[in-house]
Each structure stands twice: as C-alpha cells, then as structure tokens.
Amino acid sequence: MSKPAIGFIGLGIMGKPMARNLMKAGYALTVHNRSRGAVEELVRDGAQDGRSPRGVAERSEIIITMLPDSPDVQQVVMAPGGVLEGIKPKSVLVDMSTISPIVTQDIARAVEAKDAEMLDAPVSGGEKGAVEATLSIMIGGRDDVVDRVRPIFEALGKNIVHIGGHGAGQVTKACNQIVVALTIQAVSEALALAAKAGVDAAKVRQALLGGFAQSRILDAHGQRMLDRNFKPGFKVRLHQKDLNIALSTAKTLAVPLPATAVVQEAFTALRGLGRGDLDHSALVTLIEDLAKVEVR
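Counting from 1, position 267 in the sequence shown corresponds to residue 321 in the working numbering; the numbering is continuous, with no gaps.
Printed below as a string of structure tokens:
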C-alpha cells in the first residue's frame, strides 16, 4: 500500500525535526511556514512548497499542524486561504499543537462539515524528542481515524496513546504541562536552596537521582540548570501559554489548581525580566534572583 501524501504546517523548534523524520520514513511532504527559511531548507532536501495552508491541504491526504497557540491554529485552518478551503473529502487534519480543548472541538466540527476528519494529537518530549522521534503523543478523535494515522505517529514518537474523543488529547497535554511545570519549580527550589546553603548542587542532584525524588526533569533539566544551558528546547512563554490553557479549562470545570497558578505567575515574572524565550528550565534563575544566590 502506498504511503499517503502528508502536508506539514509549522516548522519551528519542534515542527522542523518532526517533518524531517517523516521524510526519513519515506513520506512525500508538502510544507508551509510563516517564515521562509525552514521551508527553503526542507525543499532543498526534497519537500514540496505548499505556498499557503490551502495549498498544503490541496496536495495532501494527511495535514499536520504544529503551531504555537489556539489563534494560530484557527487562522491557519479557518481563515481565508486556510486549510478548510483546500481540504479534500476523507482527508485528515492532525493538530499536534498544544491548544484549548474547546477550540479543538470547534475546529473538529468545521473539519467534519467538509466531509473530512480531525485528530488532536499534542506531544511531549521537547526538541530532543522531536529530533530523536521519541515523542509522547496524546490523541483525541475517532478510533478508525487513529488507526489510519498510526504509522505516521510511529515515525514521530514512541509512546502513542489514544485517550478519547475530540479534545481529549489536549486535556491530557494540559495535565502533562502541569506536572512538568511543578516539577521544574521543585527542582529549581531544591538546587537554589543547596547553592544558598553552600552545598554542591551537582552532588545534591546526583544524590536525589538515586532516591524517590528521581525524575526525568531532575535528570535533564537539573543538568541544564547546573550547566546554565537555557537554549530553548521549550520556551518559557510557550509553557506559560500552556498553563493558561490548563487554568482556563480548570476554571470552566471548577477544578482548583493552586500550585499551577503559582508557577504560571513565576513564568509571568520571567517574561517580565526578558527571559520568555529561554528554556523553561530557566525558572531556576528567578528563584536564584529572589534568594540572591551567587551563580559561579
């Protein structure tokens, strides 16, 4: 059976390596991005230039969007010149962005009105996971559509879980971002406390990794904090956006998220300090500033 033609819209930190992995897996790819550099790079390597979201949809059986926020997805899909103007019957729109579950459900209804299908499939794993095709993919949508797209997901990730109906993937991603944010906050506080007490923070991290406090955040982001490596794998401002989605969804459902609200405000403070485009592990710098920790 021949592989379906794929369209990919959104070639940022995560999107570009994901698109590359699909090309490596043998899929014919048509791409579009607001800035032209990434498009031209992938075209040199064999992709086609879709020129617009509509152009991508016209050439594709599966259209993947990987965009920063809900308004971006709405614009790309529903605005004039958007995906809905070019989407063909029986095609599938797979939104792998992290956006509002409510917006996801609205877009799904608009796609279905075109006799096409939609999945929401946000991811976790950061730039490293995107490059290495080890992303965790959380899927909302119909069973048969998930089965149809599963080989594509397998070219992008390792932990692929179908959660439920439209929007379920986005709810799961909101839950993921809560856990990640609160764990980054905890690791930041622990390492800042160690440094202020005059204890070797690297050895503290090493000790904690062998006990019940062990986590991937302590391992990967704890090392970033020690190395002062805040080159963005996932930016502060984007994680703040994700926590806004979680808090908004929780407010609608009357679910209190007090600790999430605290970390969201910490990200707000980082943006106020001009650090919004740093990696979210830069949260440690805020704690260090407040504690007057001298960083060597």
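Built from N, CA and C at the ideal position, the CB exists for glycine as well. These numbers were taken from a predicted model, which means no experiment stands behind them.
So who's on the other strand from residue i, going by DSSP bridges?
| i | result |
| --- | --- |
| residue 174 | 149 and 194 |
| residue 211 | 189 |
| residue 60 | 83 and 116 |
| residue 218 | 194 |
| residue 333 | 289 |
Give me the Cα-Cα distance between residue i and residue j, rounded to the nearest whole angstrom.
| i | j | result |
| --- | --- | --- |
| residue 260 | residue 249 | 14 angstroms |
| residue 93 | residue 289 | 22 angstroms |
| residue 199 | residue 58 | 13 angstroms |
| residue 344 | residue 309 | 30 angstroms |
| residue 226 | residue 212 | 17 angstroms |
| residue 286 | residue 108 | 30 angstroms |
| residue 274 | residue 237 | 12 angstroms |
| residue 161 | residue 64 | 17 angstroms |
| residue 349 | residue 324 | 17 angstroms |
| residue 278 | residue 166 | 44 angstroms |
| residue 215 | residue 346 | 43 angstroms |
| residue 197 | residue 244 | 43 angstroms |
| residue 242 | residue 155 | 30 angstroms |
| residue 170 | residue 219 | 16 angstroms |
| residue 130 | residue 316 | 32 angstroms |
| residue 299 | residue 149 | 16 angstroms |
| residue 104 | residue 234 | 35 angstroms |
So residue i and residue j are supposed to be a Cβ contact under 8 angstroms. How far apart are they, rounded?
| i | j | result |
| --- | --- | --- |
| residue 255 | residue 280 | 6 angstroms |
| residue 126 | residue 295 | The pair is not a contact, with the Cβ atoms about 11 angstroms apart (cut-off 8 angstroms). |
| residue 164 | residue 138 | 6 angstroms |
| residue 119 | residue 151 | 6 angstroms |
| residue 301 | residue 322 | Wrong, their Cβ atoms sit about 12 angstroms apart, outside the cutoff. |
| residue 293 | residue 224 | With 8 angstroms as the limit, residue 293 and residue 224 do not qualify as a contact, their Cβ atoms being about 15 angstroms apart. |
Alpha carbons only, please: which of the options is nearest the one belonging to residue i?
| i | options | result |
| --- | --- | --- |
| residue 357 | 58, 83, 59 and 242 | Outside the shown range of the chain (55 to 350) lies residue 357, about which nothing can therefore be said. |
| residue 99 | 80, 114, 140 and 116 | 80 |
| residue 342 | 330, 320 and 331 | 320 |
| residue 91 | 66, 76 and 74 | 66 |
| residue 85 | 72, 102, 146 and 196 | 102 |
| residue 207 | 245, 292, 229 and 178 | 178 |
| residue 276 | 330, 306 and 337 | 337 |
| residue 147 | 190, 60, 135 and 291 | 60 |
| residue 303 | 253, 182 and 222 | 222 |
| residue 271 | 340, 154, 130 and 335 | 335 |
| residue 88 | 76, 117, 169 and 121 | 121 |
| residue 181 | 242, 73 and 305 | 73 |
| residue 75 | 185, 153, 112 and 116 | 185 |
| residue 140 | 134, 133 and 112 | 112 |
| residue 283 | 257, 191, 333 and 62 | 333 |
| residue 78 | 209, 258 and 262 | 209 |
| residue 240 | 257, 264, 228 and 268 | 268 |
| residue 116 | 204, 253, 328 and 132 | 204 |
The ligand SAM and residue i: does any heavy atom of the ligand fall closer than 8 angstroms to the residue's C-beta?
| i | result |
| --- | --- |
| residue 69 | Of ligands this structure carries none, so the ligand SAM is not represented either. |
Could one say the Cβ of residue i lies closer than 9 angstroms to chain B's Cβ atoms, at least one of them?
| i | result |
| --- | --- |
| residue 285 | Of the chains in the structure shown, none is chain B; there is only one protein chain. |
In chain order, which continuous runs of the alpha helix (DSSP H) of length 4 or greater are located wholly inside the segment 243-314? The segment 243-314 contains these whole alpha helix (DSSP H) runs: 255-263, 276-281 and 290-307.
3 or more residues per run - each beta strand (DSSP E) lying fully within the segment 100-124: 116-119
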